[in-house]
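Chemist:
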Amino acid sequence: MRLSVVTLGKLADIFTLPEIELVGADSITMLDLRNRIGPPHSSLLFSPKNRIAVNGLVTAYDPELVLADGDEVAFLPPVSGG
Amino acid sequence: MKADVRLGANAFDPAAELARFLEAHPASGGIASFIGQVRAESGADAVLELELSYYPPLTLPGMKTLADEALAQWPLDGLLILHRVGAMQPGEPIVLVAAAARHRRDAFLAADFVMDHLKSDAWFWKRERTAAGWRWVEPRAEDHTDRLRWKTVSAI
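Protein sequences, first through last, are from chains C and D. Take the first sequence: its position 11, counted from the start at 1, is 11 in the numbering used here, and no numbers get skipped. Take the second sequence: its position 47, counted from the start at 1, is 129 in the numbering used here, and no numbers get skipped.
Pasting the structure below:
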């Protein structure tokens, strides 16, 4: 399965990873993704200051959330105004 | 009534957009508008370039929801929200908000409400280039408190 990871704002300067390919897996959880990204980037991306969107919907961090093939996970730092 | 909400990577002409908006709402007694532009300053801290990034699945849909909230709150004849993204030079317009209503108060309030929420809630990330290089703009506490003013108006 393939997963797209999008980082916005200053997070894009810290970490870019356009796509993750997980051979042999049909789905993974958010916690798996966090572990796969690993330190030090995982703690920066999953900081409570940031919001997470899955397929364009902002969600609360849920380690059990199941991510499937083709999903897009976006990490959104605090917005800085239009 | 549906709002005109647009996001664009190209420069726009606020005067021409406003003229079109006025023409479209001859029956409105009051039209309030706001233009935000990149500050043209001099000195060592002057911004030489501003870049706004956004996230397509969220940014424009969020602006449309904001427009719907304004339309639900005030009796408007028309609402225009134009926002630039990408790289901008000092003096270039960033945002234009215009609200048309039968009476001025509704137009003023709706434009003010939309601007406060665009500044604090909309999915934009801003970075500036000065003589020292690029830096990300952090959220301003004032933008947050400006948004809180509307808590007394509604549950939004």
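Even glycine gets a Cβ: it sits at the ideal position worked out from N, Cα and C.
1) Just mark C/V5 as buried or exposed, buried being the case when its beta carbon has 16 or more other beta carbons within 10 Å.
2) Rounded to the nearest angstrom, how far is the Cβ of D/S115 from that of D/L178, given a contact under 8 Å?
3) Please decide whether D/I176 counts as near chain C, where near means a Cβ-Cβ distance under 8 Å.
4) To the nearest angstrom, how far is the alpha carbon of D/M197 from that of D/Q171?
5) Who are the near neighbours of D/H199 in its chain, counting only those whose CB is closer than 7 Å to its CB and skipping five residues on each side?
6) Show which residues of chain D have a CB atom less than 9 Å away from the CB atom of C/A74.
7) For D/E174, tell me which candidate among D/E123, D/K233, D/A101 has the shortest Cα-Cα distance.
8) Please give the ranges of any beta strand (DSSP E) in the stretch 99–171 of chain D, keeping only runs that are unbroken, at least 3 residues long and fully inside the region.
9) Can you check the stretch 42–73 of chain C for any beta strand (DSSP E) of at least 3 residues that lies completely inside it and give the ranges in chain order?
10) Under 7 Å Cβ-Cβ, which residues of chain D neighbour C/V54?
11) Could you pull out every residue in the same chain whose Cβ sits closer than 8 Å to the Cβ of D/G90, ignoring the five residues on either side in sequence?
12) Starting from D/L178, follow the beta strand (DSSP E) in both directions and report where the run begins and ends.
13) Could you name the residues of chain D that C/P77 contacts, counting a contact when the two beta carbons are closer than 8 Å?
14) Short check: CB of C/T29 to CB of C/L3, under 8 Å?
15) Applying a beta-carbon distance threshold of less than 8 Å, which residues of chain C neighbour D/P221?
16) Quick check on DSSP: helix, strand or coil for D/K233?
17) In chain order, what residues of the same chain have a beta carbon less than 6 Å from the beta carbon of D/R222, not counting five sequence neighbours either side?
18) From the DSSP output, in three-state form, read off C/T83 for me.
19) Does any C-beta atom of chain C lie closer than 8 Å to the C-beta of D/W156?
20) Is there a Cβ of chain C sitting closer than 8 Å to that of D/A200, yes or no?
Modeler: On the basis of the data shown:
1) Classification for C/V5: buried.
2) A Cβ-Cβ distance of about 7 Å is found for the pair D/S115 and D/L178, placing them in contact under the 8 Å criterion.
3) Yes, because at least one Cβ of chain C sits closer than 8 Å to the Cβ of D/I176.
4) Annotation: D/M197 to D/Q171 spans about 21 Å, alpha carbon to alpha carbon.
5) Only L148, R229 meet the Cβ criterion.
6) Here the neighbours are Y137, P139, L140.
7) Checked all of D/E123, D/K233, D/A101; the closest Cα to D/E174 is D/E123.
8) Those beta strand (DSSP E) runs which fall completely within the stretch 99–171 of chain D and span 3+ residues are 112–119, 131–136, 158–166, 168–170.
9) Annotation: the stretch 42–73 of chain C contains the following complete segments of the beta strand (DSSP E) (minimum length 3 residues), in chain order: 51–54, 57–59, 66–68.
10) Here the premise fails: no neighbours, minimum Cβ distance about 10 Å.
11) Closer than 8 Å at the Cβ level, and outside the excluded window around D/G90, lie L164, H165, R166, V167.
12) Run containing D/L178: 175–183, per the beta strand (DSSP E) assignment.
13) Within chain D, the residues near C/P77 are W207.
14) Taking 8 Å as the Cβ cut-off, C/T29 and C/L3 do not qualify as a contacting pair.
15) Counting only Cβ-Cβ distances below 8 Å, D/P221 has contacts in chain C at P78, V79, S80, G81, in chain order.
16) Per DSSP, reduced to three states, the secondary structure at D/K233 is helical.
17) For D/R222, there are no CB contacts under 6 Å within the same chain when 5 residues up- and downstream are skipped.
18) Beyond the ends of chain C as shown, which are 1 and 82, falls residue 83 of chain C; an answer cannot be given.
19) It does not; no Cβ of chain C falls within 8 Å.
20) First, the amino acid is wrong: residue 200 of chain D is Leu here, not Ala. At least one CB atom of chain C sits nearer than 8 Å to the CB of D/L200.
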